[in-house]
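Peer 1: Quick one: structure below, then a few questions.
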Amino acid sequence: MPTPPPLDAAGAVVPHDHDEIEAGDRVIRRISDRQIVTDGAGARRISSLAYQASGGANGGMSVDIEKFIVEGGDEPEQWVTTPRWIGSVCFSAGFLRGLQFQIGYHPIEETSERPANPYHGEVWGTFSRAQKIALQQNANWFVPIPDVELDQPLADQATG
Amino acid sequence: MNANRQEWTSTGSDTHTRVIHIGFHRAIVSRPTRDWHKEVTATLNELAALPRGWDGYNGRPVRFDCAYFALSMLEAICPADGPAPQIVPGSNGDLQLEWHMPNEDIELHVRGPNKVTAWRVAGATDPDGEELQLTNDFTQVAAWIRAIMEPAVADAAAA
Chain A
69 MPTPPPLDAA GAVVPHDHDE IEAGDRVIRR ISDRQIVTDG AGARRISSLA YQASGGANGG
129 MSVDIEKFIV EGGDEPEQWV TTPRWIGSVC FSAGFLRGLQ FQIGYHPIEE TSERPANPYH
189 GEVWGTFSRA QKIALQQNAN WFVPIPDVEL DQPLADQATG
Chain B
11 MNANRQEWTS TGSDTHTRVI HIGFHRAIVS RPTRDWHKEV TATLNELAAL PRGWDGYNGR
71 PVRFDCAYFA LSMLEAICPA DGPAPQIVPG SNGDLQLEWH MPNEDIELHV RGPNKVTAWR
131 VAGATDPDGE ELQLTNDFTQ VAAWIRAIME PAVADAAAA
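Residue numbers (the working numbering), protein chains in the order written: chain A, 69 to 228; chain B, 11 to 169.
Take a look at the structure:
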């Protein structure tokens, strides 16, 4: 199991760069069909709002850490599409850190509202417009969504 | 069943109604229908009913105050025959209104009532576009909406 994340006095995960998430490791962002829009040319694309931090103190953008899924004995494509999420994109940790984001580990325990996710991580940063544009233009498919296009994908980015 | 809830419903061809359920009482407020109103209202109702975790993580349904503010803002900035926005839910109960045209994109991120980040990119000369933080004056955004309607208005006039 990965080294536990740092916690604040209230027990919340503190934004951090996790030592075991290396530059070439991929982080996966699940995409819902609710986050798909049609662009001016009629193509279906992922909305910029798919790339934002969750609210609250210490809130970052939720992701799944591919390496931790594999180390946990699960199959990444299946993990991030179970039970109903239709697709996902990925970024290399090195690319995200180059945009001044931090990538940390934040395992989620099961509650009455959500299942456990021991491979959950967060991406912390300001999510400025420039950063969101960079995320949109450099996302790579992890689980493609049929008939949805990515913005000018850079094929060699995901491998760091 | 939640007795204290609010929803919008269409009750006919010429009115649009917001129904506020408070306990077992209902307050009904009618308003004029706009071309995009029914579609937007239906989408907002859907997004307000999303299950927790709809995004695969811990996403919340769209908050009523965000939805109501977005609708009120649209009524102020979007003409009755204006284009309906696409509406995307955020993970925090927020939402984003989006218009995408061949040479122009507008996004209004409603983070809460009177908390709007507006962004527009027009043409290829400024790929980063223009971003505004807005509270209660949406004059600039209304001008953006009028601008994207101009080709449609010209087409209608020519037809």
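We put the CB at the ideal spot given by N, CA and C, even for glycine. Given the structure is predicted, the values throughout are model-derived calculations rather than measurements.
At the level of alpha carbons, what is the spacing between glycine 128/A and proline 212/A?
Peer 2: About 24 Å.
Peer 1: With distances taken Cα to Cα, identify the nearest neighbour of arginine 98/A among Ile171/A, Ala91/A and Phe159/A.
Peer 2: If we check each option's Cα against that of arginine 98/A, Phe159/A comes out closest.
Peer 1: Quick one: what does DSSP say asparagine 55/B is sitting in, helix, strand or coil?
Peer 2: If DSSP states are grouped into helix, strand and coil, asparagine 55/B belongs with the helices.
Peer 1: Which residue's Cα is closest to the Cα of arginine 130/B: Arg121/B, Asp104/B, Asn146/B and Ala157/B?
Peer 2: Of the candidates Arg121/B, Asp104/B, Asn146/B and Ala157/B, the one whose C-alpha sits nearest the C-alpha of arginine 130/B is Ala157/B.
Peer 1: Can you tell me the Cβ-Cβ gap for tryptophan 64/B and arginine 102/A, rounded? I've got them flagged as a contact below 8 Å.
Peer 2: At roughly 7 Å, the Cβ-Cβ gap stays under 8 Å, so tryptophan 64/B and arginine 102/A are in contact.
Peer 1: Can you check whether the C-beta of glycine 22/B is within less than 8 Å of a C-beta belonging to chain A?
Peer 2: A caution first: glycine 22/B carries a pLDDT of 40, below 50, which makes its placement in the model too unreliable to give a value.
Peer 1: Taking Cβ positions only, does serine 160/A come closer than 8 Å to chain B?
Peer 2: So no, serine 160/A is outside the interface.
Peer 1: Which value, in whole angstroms, describes the spacing of the CA atoms of tyrosine 187/A and histidine 174/A?
Peer 2: Cα to Cα, tyrosine 187/A sits roughly 8 Å from histidine 174/A.
Peer 1: What does a CB cutoff of less than 8 Å around proline 61/B pick up in its chain, not counting 5 residues either side in sequence?
Peer 2: If we look at proline 61/B and ignore the five residues flanking it on each side, its Cβ neighbours are Pro71.
Peer 1: Let me make sure I understand the geometry here. Which of Ile155/B, Asn146/B and Gly133/B has the alpha-carbon closest to that of phenylalanine 79/B?
Peer 2: Of Ile155/B, Asn146/B and Gly133/B, the residue nearest in Cα terms is Asn146/B.
Peer 1: Any contact between the region 75–92 of chain B and the region 118–134 of chain B? By contact I mean 3 or more CB pairs, one from each, below 8 Å.
Peer 2: With the cut-off at 8 Å, the region 75–92 of chain B and the region 118–134 of chain B touch.
Peer 1: For glutamate 190/A, does the three-state DSSP call read helix, strand or coil?
Peer 2: Strand.
Peer 1: Using a C-beta cutoff of 8 Å, does leucine 117/A count as contacting chain B?
Peer 2: True, the Cβ-Cβ gap to chain B drops below 8 Å.
Peer 1: Roughly how many angstroms separate the alpha carbons of threonine 149/A and threonine 149/B, rounded to a whole number?
Peer 2: Taking the straight line from one Cα to the other gives about 42 Å.
Peer 1: DSSP three-state label for glutamate 88/A, please.
Peer 2: Here glutamate 88/A sits in coil by DSSP.
Peer 1: Please report the straight-line C-alpha distance between glutamate 217/A and leucine 203/A, rounded to a whole angstrom.
Peer 2: If I take the Cα positions, the gap works out to 14 Å.
Peer 1: Identify the continuous beta strand (DSSP E) that holds phenylalanine 210/A and give its terminal residues.
Peer 2: Start and end: 208–211.
Peer 1: Against chain A, does proline 112/B count as a neighbour if the rule is that its beta carbon must be under 8 Å from one of theirs?
Peer 2: So yes, proline 112/B belongs to the interface.
Peer 1: Residues of chain B with CB under 8 Å from arginine 112/A, in chain order?
Peer 2: Chain B residues near arginine 112/A: none, gap ~11 Å exceeds 8 Å.
Peer 1: Does any residue of chain A have a CB that is nearer than 8 Å to the CB of glycine 66/B?
Peer 2: Yes, because at least one Cβ of chain A sits closer than 8 Å to the Cβ of glycine 66/B.
Peer 1: Excluding the five sequence neighbours on either side, which residues of its own chain have a C-beta within less than 7 Å of the C-beta of leucine 222/A, listed in chain order?
Peer 2: With a pLDDT of 49 at leucine 222/A, under the threshold of 50, the predicted position of this residue should be treated as unreliable, and no value is reported.
Peer 1: If you compare alpha carbons, which of Met69/A, Phe136/A, Ile104/A and Leu167/A is closest to phenylalanine 195/A?
Peer 2: The shortest C-alpha separation from phenylalanine 195/A is found at Leu167/A.
Peer 1: Are the CB atoms of glycine 66/B and serine 100/A nearer to each other than 8 Å?
Peer 2: The answer is yes: Cβ separation under 8 Å.
Peer 1: State yes or no: is the C-beta of proline 70/A within less than 8 Å of the C-beta of histidine 84/A?
Peer 2: Contact flag unset, no.
Peer 1: Determine the direct distance from the alpha carbon of alanine 90/B to that of serine 122/A, and round the result to whole angstroms.
Peer 2: The alpha-carbon atoms of serine 122/A and alanine 90/B are separated by roughly 34 Å.
Peer 1: Taking Cβ-Cβ distances shorter than 7 Å, what residues in chain A pair up with isoleucine 99/B?
Peer 2: In the sequence on display, residue 99/B carries proline and not isoleucine. Going along chain A in sequence order, the residues near proline 99/B (Cβ under 7 Å) are Arg102.
Peer 1: When you compare only the Cα positions, how much space is there between glutamate 143/A and glutamate 177/A?
Peer 2: Using only the alpha carbons, I get a separation of about 20 Å.
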